[in-house]
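Start counting the sequence shown at 1; every next residue gets the next number (full-length UniProt numbering). Beneath this line is the structure, given in structure tokens, with notes to follow.
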Amino acid sequence: MKAVILAGGFGTRLRPLTVNLPKPMVPFANRPMMLHIMRLLKKHGFDDLVVILYHQPDAIRSYFGDGSDFGVKIEYVTSQEDLGTAGAVGLARASLQETFLVIAADIVTDIDLTKAVQYHSEHKAAATITLSRVENPLEYGIVITDSEGHIVRFLEKPSWGEVFSDTVNTGIYVLEPSVWDDIPEDKEVDFSKNLFPSLLAHNQPLFGYIAPGYWRDVGNIREYKHAHGDVLKGKVDLEAQGERIGGIGNDVWVGEGSQISSFKGFDGSVLIGKDTTIGEARVRSSFIGDHAVIQSGANIDNSVLWDGVVVESGARIFNSIVCKNVHIGKDVLLEGDNTVADDCIIGQGSVLKSQVEIWPGKTVEPGSTVTSNVVWGKAWSRALFGSYGIVGVNNVEVTPEMCAKLGCAYGTFLGKGSVVFTARDDHQSSRMLKRSLIGGLMSTGVRVMDLQAAPVPLARFTVKSFAGSGGVHVMRSPFDRRLTTIRFYDRSGFDLSTTQEGAIERLFFREEFARADVEEVGTIDIPPRVVESYRDYLLSTLDVAAIRSSGIRFVIDYSYGTPVQFFPAIAGEFGLEIISLHAYTDGRRAVRTASEFRDAKRKLSSMVKSLGTSFGVILDASGEKIFLVDRSGEILSDTRATALIIGSRHRSGVLNSVTLPITASIELERYVRDQGVDVHWCSTLPRNIIHEATNTDAGADILGGFIFSRAVPFYDGMLSIGFLLETLAKTGEDLVALKQETPARDPSHLELPCPWESKGTIMRRMSELYRDTAEFVEGVKEREEDGYTLVLPDRDRPVLHIYSSYTTDERERDRLADAEKKIRSWME
């Protein structure tokens with residue numbers, strides 16, 4: 001049987017290791033990654049190989065030749081364009097007319113390939129995907145199988161909310177030649193995104209083999225380090241080079257021709273290449289390549305050193321990667337998590353602070369302290385973007401320096417000559433950070449249109465209406481005074497997609513910024529007539545005459561936010577008596593803790609009752625959300641407010657379909673359907689609700705946010721108030737009447753701490769337990785006749801959310817407790 005090795009990857013996420021090498025040639029345990037894969041194939045009887053090349057093909061050809069030096073026969077196939085994984089393999093279809101195996105060159109594994117082929121044969125499969133269980137499945141393609149091994153679902157690189165299992169695609173496939181029917185020639189086709197879903201859709205025998213053994217995708221530097229650590233711990237069966245010398249802490253492997261002055265300073269397992277010289281140095285749990293020199297007095301700890309590295313006396317290297325032909329001077333310190341790429345010189349006495357990367361060919365002058373790197377910067381969080389944009393501690397994580405880089409990354413992403421609208425809340429820290437961000441944008445040749453202090457809906461509207469390339473809004477978190485949120489918008493005023501966020505993230509971390517020429521640096525202007533345009537548009541969507549004649553009186557709490565600078569000009573056209581609270585901007589008081597927010601609602605309730613107004617409303621500081629109190633003083637729950645607005649708009653003849661998150665209560669779902677409104681489900685991610693709502697008449701997050709898609713396709717609390725007034729005016733009813741028969745109970749909700757590495761396992765067990773009754777829009781939702789239980793992994797924290805919504809309180813409590821008990825037992 002032939003085997004195909006996919007060796008065309010760029011290795012972008014492994015840079016700077018892959019600046020001078022294709023990814024399959026990156027040293028792993030002192031030998032190219034692809035060599036380990038070739039040895040595994042030969043071990044299992046695959047000696048007739050097809051190698052698919054694309055990026056830097058000559059480097060691979062020159063090392064492996066025809067394969068005879070490695071005991072195999074190699075046929076090379078070079079793709080001239082990016083045809084995807086399956087499309088590239090398709091170039092070799094003439095040579096692959098019998099069952100064949102496909103494997104990626106850039107993985108570390110000892111999976112039994114013989115058993116994978118046997119499984120494929122026994123199940124008479126057209127295609128078998130080898131699967132592995134992993135702790136964190138976010139970076140991989142999740143595959144779900146039934147009890148007989150049939151594949152039933154795919155999900156490429158999910159968010160935590162979409163994780164239903166911990167079984168992932170290893171990139172090892174056993175295929176029949178019949179798959180060529182689904183791989184058109186000279187077209188881009190990917191195994192995971194195109195071929196396998198096509199086979200599944202056409203009911204082809206597609207199976208998943210869950211393989212024991214070790215597997216890791218070495219997709220980034222973190223995984224590269226982890227895999228090396230696993231080798232030293234004996235977790236992976238990998239052929240080591242050289243002579244094994246036992247009894248010194250753990251094993252030490254010494255390559256041919258290497259000279260070790262003394263093993264006294266050795267600790268843990270160490271792999272040493274050929275012709276390397278090591279003096280009386282301390283070496284712990286490390287890899288040292290060929291032709292290296294480690295002088296006496298040096299300290300190498302938990303690190304990977306490639307070929308030709310020189311480390312002078314007194315140098316200390318901790319938890320770092322040092323690439324080919326690097327010279328580390330005397331008394332240099334690499335504090336940890338450092339990467340020094342090929343051909344660098346680190347001068348005597350220099351210090352590389354933790355997480356600094358030095359890219360190829362750079363010289364660090366003697367005595368330098370490198371904090372943010374000579375060229376490339378360090379990561380500052382688990383991921384730059386979260387569920388709500390970029391959120392971090394003000395002036396600690398989100399700093400002026402960080403914002404300047406962020407502006408450079410966003411400007412580079414959009415391109416020179418783009419137009420970006422910027423806005424902020426009223427706090428001085430937001431002003432500071434926004435100005436830093438503007439500086440970064442201008443440095444890339446972007447024209448900035450500054451809205452200064454403005455609510456979020458106005459910023460979104462302006463980007464869309466004034467033909468902006470994008471937008472940025474800087475504001476403090478609504479519930480935590482320490483945190484700042486930075487949100488980015490595309491040219492339509494929508495939140496950026498995860499793909500766009502990923503592109504900006506890569507530019508940010510690598511500092512690959514497109515600086516403009518001095519004469520092409522961007523400008524900054526204040527756009528004219530923005531407020532008038534927004535006001536005129538909102539008024540044009542409302543029946544102002546009906547509102548003006550209604551005689552409604554209401555109380556509005558502006559929450560000290562920027563909407564107070566804009567909404568009175570709109571509300572003034574209504575000709576109503578409006579009592580305003582907290583009607584001035586105060587950036588310090590606009591942030592309300594949960595208890596302060598509850599107090600604000602109680603005070604509003606008291607005010608409405610004492611003044612005898614029709615209703616009261618809190619408009620949040622961002623201008624996106626509203627919270628209602630009726631004339632009796634009842635503080636409407638999120639569920640009741642949502643039902644009231646959807647139902648009343650439907651009866652007014654302007655709403656027939658709505659987008660709701662999967663956390664909507666069972667009673668809200670039934671109420672909305674009973675009203676004759678079609679429900680479209682989506683995940684709880686704010687950008688997803690906004691995007692999905694464009695396909696319906698409205699959307700709601702059941703947290704005070706409403707989208708009236710035919711008017712403004714994103715959350716706008718000011719428009720929400722306008723439509724509420726219009727509905728009350730036209731029906732002649734008030735909230736007390738409209739709320740009749742609407743459900744009041746919100747779902748029960750519990751947060752359960754859960755380690756990141758356990759999330760995938762928990763979600764797999766949930767999906768297996770409720771395979772026949774579960775829904776997988778986000779998380780795992782067990783549907784029952786009288787309600788549901790939903791388990792949802794938090795995207796940004798090591799937490800699981802459990803939601804329970806049933807027709808009775810007792811049933812709801814019992815099902816919540818049952819789910820909690822199951823999950824706790826699985827984590828023990």
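Don't be surprised by glycine CBs; every beta carbon is placed ideally from N, CA and C.
Cβ shell of residue i (< 8 angstroms), same chain only, five flanking positions each side left out
| i | result |
| --- | --- |
| Ala238 | The amino acid occupying residue 238 in the given sequence is Leu; Ala does not appear at that position. Answer for Leu238: Ala29, His36, Val108, Asp110 and Val231, listed in chain order. |
| Arg811 | Asp786 and Gly787 |
| Val420 | Tyr410, Gly411, Leu414, Leu441, Val446, Arg447, Val448, Met449, Gly468, Ser469, Gly470, Gly471 and Val472 |
| Ala594 | Phe479 |
Closest by C-alpha distance to residue i, when choosing among the options
| i | options | result |
| --- | --- | --- |
| Asn395 | Glu75, Ser192 and Ser430 | Ser430 |
| Phe554 | Glu401, Phe566 and Leu735 | Leu735 |
| Thr99 | Tyr173, Phe154 and Val518 | Tyr173 |
| Val19 | Leu305, Lys324 and Ile702 | Lys324 |
| Tyr806 | Ala664, Gly732 and Glu335 | Ala664 |
| His44 | Ala240, Ala116, Arg31 and Glu726 | Ala116 |
| Leu131 | Ile547, Leu668 and Leu113 | Leu113 |
| Ile300 | Phe287, Ser605 and Thr789 | Phe287 |
| Glu135 | Glu820, Leu816, Pro798 and Tyr803 | Pro798 |
| Gln204 | Phe196, Ile210 and Gly242 | Phe196 |
| Asp48 | Gln56, Gly67 and Pro32 | Gly67 |
Assigned secondary structure, residue i (DSSP; H/G/I helix, E/B strand, else coil)
| i | result |
| --- | --- |
| Val332 | coil |
| Lys822 | helix |
| Met442 | helix |
| Thr339 | strand |
| Val326 | coil |
| Asn688 | helix |
| Gln348 | coil |
| Leu238 | coil |
| Leu724 | helix |
| Val518 | helix |
| Glu505 | helix |
| Pro32 | strand |
| His55 | coil |
| Tyr489 | strand |
| Leu538 | helix |
| Tyr788 | strand |
| Pro457 | helix |
| Trp380 | Confidence is the limiting factor: at Trp380 the pLDDT is only 33, short of 50, which leaves the residue's position unreliable and the question unanswerable from this model. |
| Met449 | strand |
Cα-Cα separation between residue i and residue j, rounded to whole angstroms
| i | j | result |
| --- | --- | --- |
| Cys754 | Lys822 | 13 angstroms |
| Asp58 | Thr399 | 44 angstroms |
| Gly289 | Asp267 | 18 angstroms |
| Gly377 | Val304 | At Gly377, the pLDDT of 36 sits below 50, so the modelled position is not reliable; the number obtained from the coordinates is stated separately. When rounded, the distance between both Cα atoms is 21 angstroms. |
| Ser261 | Gly297 | 12 angstroms |
| Leu206 | Met827 | 32 angstroms |
| Trp180 | Leu40 | 26 angstroms |
| Ile626 | Asp814 | 32 angstroms |
| Leu542 | Asp525 | 31 angstroms |
| Leu14 | Asp217 | 11 angstroms |
| Ser758 | Met34 | 31 angstroms |
| Val102 | Asp809 | 54 angstroms |
Cβ neighbours of residue i in the same chain (closer than 7 angstroms, five flanking residues each side left out)
| i | result |
| --- | --- |
| Phe70 | Met38 and Phe64 |
| Phe385 | Glu501 and Glu505 |
| His691 | Phe494 |
Same chain, Cβ closer than 6 angstroms to residue i, neighbours up to 5 away in sequence not counted
| i | result |
| --- | --- |
| Val51 | Ile5, Ala7, Ile74 and Tyr76 |
| Leu433 | Cys403 and Val474 |
| Ile278 | Ile260 and Ile294 |
| Ala92 | Val50 and Val77 |
| Tyr54 | Gly8 and Ser79 |
| Met607 | Val555 |
| Arg481 | Val591 |
Presumed contact (8 angstroms Cβ cut-off) between residue i and residue j, rounded CB distance
| i | j | result |
| --- | --- | --- |
| Thr639 | Ala744 | 7 angstroms |
| Ser350 | Ser368 | 5 angstroms |
| Pro360 | Gly347 | Incorrect: roughly 17 angstroms between the Cβ atoms, too far for contact. |
| Ile702 | Pro661 | 6 angstroms |
| Gly647 | Thr731 | That belief does not hold up - the Cβ atoms of Gly647 and Thr731 are roughly 11 angstroms apart, past 8 angstroms. |
| Thr462 | Leu451 | 6 angstroms |
| Ser709 | Thr694 | 6 angstroms |
| Pro455 | Gly623 | 3 angstroms |
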